[in-house]
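Participant: I am attaching a structure below and will ask some questions about it afterwards.
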Amino acid sequence: MALLEVENLQTHFRTPGGINRAVDGVSFHVNEGETLAIVGESGCGKSVTSMSLMRLIPEPPGRIAGSIRFAGRDLLKLSDREMRAIRGNDISMIFQEPMTSLNPVLTVGRQIRETLMIHQGLDKQAAEAHAIEMLTLVGIPEPKRRVGEYPHQLSGGMRQRVMIAVALACNPKLLIADEPTTALDVTIQAQILKLMLDLKRRVGAAIILITHDLGVVAEIAERVMVMYAGRKVEEAPVAELFRSPRHPYTQGLLGAVPKLGSSLAGTATRLAEIPGQVPDLRKPITGCVFAGRCALATDLCRQYAPGLEEKGPRHIAACHYAAKGAIAA
Amino acid sequence: MSPPLLQVNDLKKHFPIKSGLFNRKPEFVYAVDGVSFEIARGETLSLVGESGCGKSTVGRAILRLFEITSGQVILDGQRIDDAAPGTMRQMRRRVQVVFQDPFSSLNPRMRVRDILAEPIRNFGLAKSAEDLEVRVTSLMDTVRLPREALNRRPHEFSGGQRQRIGIARALAAEPELIVCDEAVSALDVSVKAQIVNLLQDLQREFGLALLFISHDLAIVEHMTHRVAVMYLGKIVEVAPRREIFAAPRHPYTKALLSAVPLPEPGAQRNPIILKGDVPSPINPPKGCRFHTRCPFVFDRCRTEEPTLRATGPEQWVACHLEEPP
Ligand SMILES: Nc1ncnc2c1ncn2[C@@H]1O[C@H](COP(=O)(O)OP(=O)(O)OP(=O)(O)O)[C@@H](O)[C@H]1O
Ligand SMILES: Nc1ncnc2c1ncn2[C@@H]1O[C@H](COP(=O)(O)OP(=O)(O)O)[C@@H](O)[C@H]1O
Ligand code: SF4
Ligand code: SF4
Ligand SMILES: [Mg+2]
Ligand SMILES: [Mg+2]
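From first to last, the protein sequence lines are chains A and B. Quick note: the first sequence uses this note's numbering, first residue 1, plus one each step. Quick note: the second sequence uses this note's numbering, first residue 330, plus one each step.
So, in structure tokens, the structure goes:
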């Protein structure tokens, strides 16, 4: 059953240069216990999508439309108070930069404790004990000492683990992780990814993982949604997407990243380039959003926007020539 | 035989840090603590390792952006770490740099034309005003930017285009070596591929040597001839690309490579999950610096520091497991 169902999400910002259609008509769902990855290059609307789900978009200049049904309730129709009860309880979030979401003047112990006291009604002692337990669980050495420290006294990897501890303190049904490992070194990233997988197995939370690292996607996602210029352009189960990407943009992304082992496999040849750059979201786009960079673009593409169509089992893509592209590839 | 283009011998850079008011003992960040390597003409050597291990400090020492603590930096047989200002001027022309953040490294008030003309003038490379113009426009062609863009300013460009301007500025000095410090790290996937391809083309065209500093191991494998792996201010392994990626020998190199997630769903991987964080370079561990996280640590590692030893024709490793007891 779908835990989260997003229907025609539109998040626009009023800016001096015009209306920025950061997210423009995106629909998707996440099942209970499932991991959905959202991929795409910077500025394509990944973070705005996740902030919209949490209703953390500043309004104005932002405006959210559409519907976001979580466990049967439309989050866009809830009062601020009802929404606060959901945030950090049923849905929690790990942000791209841990320093911005941890409070610099409170000890890490106090931050976890307060989350537990507010959301689970624990008393101070119980919350303190549980906070130490959470820090142990996320692999922080000497948790008894660390609860008394401030965020700046921790390394980047430790701060990220504290954020995960805070995010998981309330056993959320849905965890939204926005580039949770992008700022971290690979050895620390490996620790964090393992941690997320372990916790998922233990708690059974659904995860929305936002990243531009296709390696991380292959590692932990079950389903992938590809975004481009504020739209969803393709969606498929992870193995299917990597094996037979249908949208030219997805094909381009997969061809542009070198793979470890390329020199041994003799595949360290020239990288595939996607020419040009992403369109300005403040200007109206007619036709296919990718037409300006697509090698297959025709007049049809430039005039009519392709709709999302089924191209395989549980596999959809928005491209007039997607099937042809897949055969040609 | 001619000397290698660049030779770095036992380079050390210790940054003094402010200690407490009553603390008499001065403290240091041992950012780079005895690093040696060579780069041949036309070669790419990559420096890899985790954040804070000293990669950029090595790069900045070669560019002589500060005075080093000890050691030698030798360019084409001539020491540059202690060269007098007059000699240094010509040497500076031969080693250029491209940084990670193209925005902060370009003067926002200057037009692209002036950004490119500056090094040409500084090093007296243009014979005449016409020659200057020819050079500036051909640089635009080289990095595949439209010539009309010469009159625009950096903020009018995208990240990838700004990085092209940064590369053009480095090329303007006609260098033999370019230090690329995370030059493609901040770029988006599709733009990164464009810039990586450009750097490879330029290397071939001009016979450039590159010191390629990056934490992206897949890009490094794609680009490089040889790799030096750093950990806490030291090189723990140096080897040609093939050896590093097919048969890494140092436990840290192995862990680092195994931690990279592969873009292949269902790929069978057994990442070596290292415990803990990188220790502080203010108080690096005694003995082998990696011993606090090494899965193979034994007694000797905690007291005695391993030195780099040849384990193959071009492979050097600093680990007690490679040494006779
Ligand atoms: N000017 C300085 N004063 C004091 N410490 C410094 C200075 N510059 C660098 N360091 C320290 O030296 C060490 C090495 O830094 P360096 O910038 O060379 O790392 P790096 O390998 O380039 O890391 P990254 O991958 O994060 O860029 C770090 O601990 C850093 O904090
Ligand atoms: N508060 C805001 N005001 C105006 N524009 C915004 C705001 N937040 C995000 N945007 C714009 O929305 C678009 C999508 O951004 P974002 O979702 O952060 O991208 P990413 O996919 O990199 O996470 C970008 O064009 C960005 O500039
Ligand atoms: S619809 Fe046309 S322009 Fe758009 S991705 Fe498909 S082929 Fe390319
Ligand atoms: S010397 Fe010892 S601690 Fe260091 S890498 Fe080798 S086995 Fe590990
Ligand atoms: Mg983002
Ligand atoms: Mg650096």
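Backbone N, C-alpha and C fix where the C-beta goes; we use that ideal spot for every residue, glycine too.
What's the gap between the Cα of B/L527 and the Cα of B/L506?
Facilitator: Sequence index remark: in the second sequence, residue 527 of chain B carries index 198 (1-based). Sequence index remark: in the second sequence, residue 506 of chain B carries index 177 (1-based). One C-alpha to the other measures close to 16 Å.
Participant: So, helix, strand or coil for B/N480, using DSSP?
Facilitator: As a first step, residue 480 of chain B must be located in the second sequence, where it is residue number 151. Three-state DSSP puts B/N480 in a helix.
Participant: Is B/H343 near ligand 4 - that is, is its Cβ less than 6 Å away from at least one heavy atom of it?
Facilitator: By one-based count along the second sequence, residue 343 of chain B stands at place 14. No, the Cβ of B/H343 stays beyond 6 Å of every heavy atom of ligand 4.
Participant: Examine ligand 6 and report whether any of its heavy atoms sits within less than 6 Å of the Cβ of B/K384.
Facilitator: Numbered from 1 along the second sequence, position 55 holds the residue referred to as residue 384 of chain B. Under cutoff, so the answer is yes.
Participant: Whole angstroms are fine: how far does the CA of A/L199 sit from the CA of A/R87?
Facilitator: Here residue 87 of chain A refers to the residue found at position 87 of the first sequence. Here residue 199 of chain A refers to the residue found at position 199 of the first sequence. Distance between the alpha carbons of A/R87 and A/L199: 19 Å.
Participant: Could you tell me whether the Cβ of B/I494 comes closer than 7 Å to any Cβ of chain A?
Facilitator: Indexing the second sequence from 1 puts residue 494 of chain B at position 165. Not one chain A Cβ lies under 7 Å of B/I494.
Participant: May I ask whether a heavy atom of ligand 5 can be found less than 6 Å away from the beta carbon of A/S47?
Facilitator: Translated into the one-based positions of the first sequence, residue 47 of chain A becomes position 47. True, at least one ligand heavy atom lies under 6 Å from that Cβ.
Participant: Can we count A/A297 as close to ligand 3, meaning its CB is less than 6 Å from some heavy atom?
Facilitator: As a first step, residue 297 of chain A is located in the first sequence; it is residue number 297 there, counting from the start. Yes.
Participant: If distances are taken between C-alpha atoms only, which option among A/G287, A/P313, A/E310 comes closest to A/R302?
Facilitator: Taking the first residue of the first sequence as position 1, residue 302 of chain A is located at position 302. Per the Cα distances, A/G287.
Participant: Measuring alpha carbon to alpha carbon, tell me which residue in A/E32, A/R110, A/R270, A/K194 is nearest A/L174.
Facilitator: In the first sequence, the residue the question calls residue 174 of chain A occupies position 174. Residue A/E32 is the option with its Cα nearest to A/L174.
Participant: A/Q160 by DSSP, collapsed to three states: which one?
Facilitator: Translated into positions along the first sequence, residue 160 of chain A becomes position 160. Note: A/Q160 maps to helix in three-state DSSP.
Participant: My understanding is that A/G66 touches A/N8, with C-beta atoms under 8 Å, so please give their C-beta distance in whole angstroms.
Facilitator: The residue given as residue 66 of chain A occupies position 66 in the first sequence. The residue given as residue 8 of chain A occupies position 8 in the first sequence. Contact flag correct, Cβ pair sits at about 4 Å.
Participant: Closer than 8 Å, Cβ to Cβ, to anything on chain B: give me those residues from the segment 19-46 of chain A, in chain order.
Facilitator: Residues E41, S42.
Participant: Checking contacts by CB at 7 Å: is A/R270 closer than that to chain B?
Facilitator: The sequence position of residue 270 of chain A within the first sequence is 270, counting from 1. Closer than 7 Å to some Cβ of chain B, the Cβ of A/R270 qualifies, so yes.
Participant: For A/G325, which residues in the same chain have their Cβ closer than 8 Å to its Cβ, ignoring the five residues on either side in sequence?
Facilitator: Here residue 325 of chain A refers to the residue found at position 325 of the first sequence. Because the pLDDT at A/G325 is just 39, under 50, the model does not fix this residue reliably, and the value given afterwards should be weighed accordingly. So the list reads R246, H247, P248, Q251, L296, C319, once near-sequence residues are dropped.
Participant: Verify the CB distance criterion: does A/S263 have a CB-CB separation below 7 Å to chain D?
Facilitator: You won't find chain D in this structure, because its protein chains are A and B.
Participant: List, in chain order, every chain B residue whose beta-carbon is nearer than 7 Å to that of A/K259.
Facilitator: Here residue 259 of chain A refers to the residue found at position 259 of the first sequence. The contacting residues are A547, L591, P592.
Participant: Under three-state DSSP, which class holds B/T373?
Facilitator: Within the second sequence, residue 373 of chain B is the residue found at index 44, counting from 1. Residue state, collapsed to three classes: strand.
Participant: Which term fits A/E219, buried or exposed, when burial requires 16 or more other beta carbons within 10 angstroms of its beta carbon?
Facilitator: To locate residue 219 of chain A, count along the first sequence from 1; it is residue 219. Under this definition A/E219 is a buried residue.
Participant: For B/R493, is the classification buried or exposed, using 16 other Cβ atoms within 10 angstroms of its Cβ as the cut-off for buried?
Facilitator: Translated into the one-based positions of the second sequence, residue 493 of chain B becomes position 164. Its Cβ being crowded by 16 or more others within 10 Å, B/R493 is buried.
Participant: Under the assumption that A/L254 contacts A/T35 (Cβ atoms under 8 Å), give the Cβ distance between them as a whole number of angstroms.
Facilitator: By 1-based counting over the first sequence, the position of residue 254 of chain A is 254. By 1-based counting over the first sequence, the position of residue 35 of chain A is 35. 19 Å between Cβ atoms; not a contact.
Participant: Mind checking who A/G316 pairs with in its DSSP beta bridge?
Facilitator: Your numbering for residue 316 of chain A matches position 316 in the first sequence. Looking at the sequence shown, residue 316 of chain A is not Gly but Ile. DSSP, once it has assigned bridges, lists A/E235, A/E310 as partnering A/I316.
Participant: Please say whether B/F452 and B/A502 have beta carbons closer to each other than 7 Å?
Facilitator: The residue labelled residue 502 of chain B in the question sits at position 173 within the second sequence. The residue labelled residue 452 of chain B in the question sits at position 123 within the second sequence. For B/A502 and B/F452, yes; Cβs fall inside 7 Å.
Participant: Whole-angstrom Cβ separation of A/P237 and A/R146, contact assumed at under 8 Å?
Facilitator: By 1-based counting over the first sequence, the position of residue 237 of chain A is 237. By 1-based counting over the first sequence, the position of residue 146 of chain A is 146. Contact doesn't hold; Cβ gap of about 39 Å is too wide.
Participant: Excluding the 5 residues flanking A/Q96 on each side, which residues of the same chain have their C-beta closer than 6 Å to its C-beta?
Facilitator: Taking the first residue of the first sequence as 1, we reach residue 96 of chain A at position 96. D178, E179.
Participant: Taking C-beta to C-beta, are B/V565 and B/V558 nearer than 7 Å?
Facilitator: The count along the second sequence starts at 1 and reaches residue 565 of chain B at position 236. The count along the second sequence starts at 1 and reaches residue 558 of chain B at position 229. Contact: yes.
Participant: Mind checking if A/E235 is an interface residue toward chain B, Cβ cutoff 7 Å exclusive?
Facilitator: Numbered from 1 along the first sequence, position 235 holds the residue referred to as residue 235 of chain A. No - not a single Cβ of chain B is within 7 Å of the one on A/E235.
Participant: Indicate the three-state DSSP secondary structure (helix, strand or coil) for B/Y343 in the structure shown.
Facilitator: On the second sequence, position 14 is the one that residue 343 of chain B refers to. Reading off the sequence, residue 343 of chain B comes out as His, not Tyr. B/H343 falls in the strand class under three-state DSSP.
Participant: Quick one: is B/V337 buried, meaning 16 or more other Cβ sit within 10 Å of its Cβ, or exposed?
Facilitator: Position 8 of the second sequence, counted from the start, is the residue given in the question as residue 337 of chain B. By the neighbour-count rule (16 or more Cβ atoms within 10 Å), B/V337 is buried.
Participant: Among B/L454, B/R422, B/K563, B/Q429, whose alpha-carbon lies nearest the alpha-carbon of B/G616?
Facilitator: Numbered from 1 along the second sequence, position 287 holds the residue referred to as residue 616 of chain B. Closest option to B/G616, Cα to Cα, is B/K563.
Participant: Take B/N436 and list the residues in its own chain whose beta-carbon comes closer than 8 Å to its own, dropping the five residues that flank it on each side.
Facilitator: Here residue 436 of chain B is taken as the residue at index 107 of the second sequence, counted from 1. Hits under 8 Å: I444, P483.
Participant: Take A/P306 and list the residues in its own chain whose beta-carbon comes closer than 7 Å to its own, dropping the five residues that flank it on each side.
Facilitator: For the purposes of this step, residue 306 of chain A is taken as the residue at position 306 of the first sequence. For A/P306, where only same-chain residues beyond five positions count, the Cβ hits under 7 Å are C288, A318, C319, H320.
Participant: If we cut at 7 Å on Cβ distances, does B/V518 have a partner in chain A?
Facilitator: Locating residue 518 of chain B in the second sequence gives position 189, counting from the first residue. For B/V518, the answer is yes, since a Cβ of chain A falls inside 7 Å of its Cβ.
Participant: Which residues in chain A have a C-beta closer than 9 Å to the C-beta of B/R571? List them in chain order.
Facilitator: Taking the second sequence and counting its residues from 1, one reaches residue 571 of chain B at position 242. Ordered by position in chain A, the residues that pass the 9 Å Cβ test against B/R571 are S263, L264.
Participant: Are the CB atoms of B/V361 and B/L340 within a distance shorter than 7 Å?
Facilitator: Position 11 of the second sequence, counted from the first residue, corresponds to residue 340 of chain B. Position 32 of the second sequence, counted from the first residue, corresponds to residue 361 of chain B. Yes; because the gap between Cβ atoms is below 7 Å, this pair is in contact.
Participant: A/T11: buried (16+ other C-beta within 10 angstroms of its C-beta) or exposed?
Facilitator: By one-based count along the first sequence, residue 11 of chain A stands at place 11. Buried, because 16 or more other Cβ atoms sit within 10 Å of the Cβ of A/T11.
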